[in-house]
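Numbering (our numbering), first residue to last: 80 to 508.
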């Protein structure tokens, strides 16, 4: 096995895009993945012959455009999302109709506009979305809707930094109008892997990197696969694994997601929509309680049908957050959760629950046991700068969604690949 020019550790979306970008610059790249599959949290998981999404499911325009520039063949289609709140529906992408619905609460809508104009000039500065809503809005409809982004990122409103709203524009992520890959996340991963193969990337799975050592002008990497240990050398290495050691040890982490997987028979979904979100009154308070380790009688959740070529059965992922500190669901709690979720779904999409022929919970502990990662949207709740893509060594670089740029989603992971690849190429002869 000849030594590569560059080694990329971790074959999630960031690692795959990094390897492909560098290979297109005529670099010999090794991509090393410890799991038995590529894609990280992007992909699908087969259960009883039916395919459920692992985690990532829709993607912003920024990432879609990056993939197009890389020549990845995946096609994306635009889908709406629908929020169900106290008997009314709100569709995204946000448009003029959304503003008209907010105007149904005229006093609080005016307070919201005032807050948007003034919040940057407040002293002390407002840091979180909770700071903003407490300063300008009364409890109720507008406050609840404004706090929905905290749910989407898996934090309490008190932990959701207002900067995350600005990142959407600053980094052109484009999540206000996302797309879903035709054929599902597995198709996206398959297309990325195929592109890597086509450009000469050496992909290694079931391989664990155990040591990384600088040796003068190169990097030496020790790896283990099938109980065999080997060493390879390269001029540069890009590590896209979670950069846990680059955050303070007491950094708060995001809440854990739980999945309820439903299988429906002979139910037709509206093809215009991808995600359906149930957000109850005082949903922000529910997120606060979950963050404190407490179950709630009412809580937000969202779900979506998975793409399928089966005309009879459709697999559905339902996502919600487990209370902080709880990773396993007891059977009695599962029944309570199922009853609540199906009761809400009956109001959202009548007749859907009648079509369910199979269900099972996939809690945070089960997710970790299967995929060796905790199911968190935001791994680290950190209000400072993310770790730089540069490490201080001319040979070692950081990539992935826990390194720069900020965002904590697939779009940020892919943008990280673009940024770190450019840095490496500038320093590579």
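Note that the Cβ used here is the ideal one computed from N, Cα and C, for glycine as well. Note that the structure is a prediction, hence the values are computed from the model and not measured.
Give, in chain order, every unbroken run of the beta strand (DSSP E) that is at least 3 residues long and sits entirely within the segment 132-187. Listed in chain order, they are 155-157, 159-164, 167-171.
Endpoints, beta strand (DSSP E) assigned at residue 258: Counting from one through the chain shown, the residue named residue 258 turns up at place 179. Element bounds for residue 258: 258-260.
Proximal residues to residue 363 (C-beta, below 6 Å), its chain only, five neighbours per side dropped: Indexing the chain shown from 1 puts residue 363 at position 284. The answer, listed in chain order, is 226, 236.
Take residue 357 as the anchor and find which of 399, 99, 152 has the nearest alpha-carbon. As a first step, residue 357 is located in the chain shown; it is residue number 278 there, counting from the start. If we check each option's Cα against that of residue 357, 399 comes out closest.
Three-state secondary structure assigned by DSSP to residue 254: Position 175 of the chain shown holds residue 254. Residue 254: coil per DSSP, three-state reduction.
Option in 152, 179, 401 with minimal Cα separation from residue 372: Taking the chain shown and counting its residues from 1, the one referred to as residue 372 is at position 293. Each of 152, 179, 401 was checked against the Cα of residue 372, and the nearest Cα belongs to 401.
Could you check the C-alpha separation between residue 150 and residue 217 for me, to the nearest Å? Start at 1 with the first residue of the chain shown, and residue 150 comes out as number 71. Start at 1 with the first residue of the chain shown, and residue 217 comes out as number 138. Each residue's alpha carbon lies about 49 Å from the other.
Rounded to whole angstroms, what is the Cα-Cα separation between residue 108 and residue 313? In the chain shown, residue 108 corresponds to position 29, counting from 1. In the chain shown, residue 313 corresponds to position 234, counting from 1. Within the model, the alpha-carbon separation for residue 108 versus residue 313 is close to 9 Å.
Since residue 309 sits in a beta bridge, which residues does DSSP pair it with? Locating residue 309 in the chain shown gives position 230, counting from the first residue. Residue 309 pairs with 302.
Rounded to whole angstroms, what's the CA-CA distance from residue 434 to residue 277? Just pull it up for me. To locate residue 434, count along the chain shown from 1; it is residue 355. To locate residue 277, count along the chain shown from 1; it is residue 198. When rounded, the distance between both Cα atoms is 43 Å.
Per DSSP, what are the beta-bridge partners of residue 337 in this structure? In the chain shown, the residue the question calls residue 337 occupies position 258. The partner list for residue 337 (beta bridge, DSSP) reads 399.
Report yes if the C-beta distance between residue 502 and residue 280 is below 8 Å; otherwise report no. For this step, residue 502 is matched to residue 423 along the chain shown. For this step, residue 280 is matched to residue 201 along the chain shown. Going by C-beta atoms, residue 502 is not nearer than 8 Å to residue 280.
If we call anything under 8 Å between Cβ atoms a contact, is residue 160 one with residue 168? Here residue 160 refers to the residue found at position 81 of the chain shown. Here residue 168 refers to the residue found at position 89 of the chain shown. No.
Let's test the definition: count the other Cβ atoms within 10 Å of the Cβ of residue 370 and tell me whether it reaches 16, buried, or not, exposed. Numbered from its first residue, the chain shown carries residue 370 at position 291. It counts as buried.
Starting from residue 449, trace the alpha helix (DSSP H) in both directions and tell me its first and last residue. Along the chain shown, read from residue 1 onward, the residue named residue 449 stands at position 370. Element bounds for residue 449: 443-450.
By how many angstroms is the C-alpha of residue 411 removed from the C-alpha of residue 249? Mapped onto the chain shown, residue 249 falls at position 170. Mapped onto the chain shown, residue 411 falls at position 332. Approximately 46 Å, taken between the alpha carbons.
Helix, strand or coil at residue 118 [DSSP, three-state]: Against the chain shown, residue 118 aligns to sequence position 39. Looking at residue 118 - three-state DSSP - the assignment turns out to be strand.
Start and end of the beta strand (DSSP E) containing residue 126? Along the chain shown, one-based indexing puts residue 126 at 47. Run containing residue 126: 123-126, per the beta strand (DSSP E) assignment.
Note down the Cα distance separating residue 388 from residue 395, rounded to an integer number of angstroms. Position 309 of the chain shown holds residue 388. Position 316 of the chain shown holds residue 395. Going from the Cα of residue 388 to the Cα of residue 395 covers about 14 Å.
Nearest-angstrom beta carbon gap, residue 333 and residue 457 [assumed within contact, 8 Å]: Taking the chain shown and counting its residues from 1, the one referred to as residue 457 is at position 378. Taking the chain shown and counting its residues from 1, the one referred to as residue 333 is at position 254. That belief holds up - the Cβ atoms of residue 457 and residue 333 are roughly 4 Å apart, short of 8 Å.
Quick check: what's the CA-CA separation for residue 474 versus residue 300? Position 395 of the chain shown, counting from 1, holds the residue named residue 474. Position 221 of the chain shown, counting from 1, holds the residue named residue 300. Distance between the alpha carbons of residue 474 and residue 300 is about 12 Å.
Considering only residues of the same chain and omitting the five flanking positions on each side of residue 156, which have a CB-CB separation below 7 Å? Here residue 156 is taken as the residue at index 77 of the chain shown, counted from 1. Closer than 7 Å at the Cβ level, and outside the excluded window around residue 156, lie 258, 259, 261.
Between residue 500 and residue 100, which are expected to be in contact by the criterion C-beta below 8 Å, what is the C-beta distance as a whole number of angstroms? By one-based count along the chain shown, residue 500 stands at place 421. By one-based count along the chain shown, residue 100 stands at place 21. At roughly 4 Å, the Cβ-Cβ gap stays under 8 Å, so residue 500 and residue 100 are in contact.
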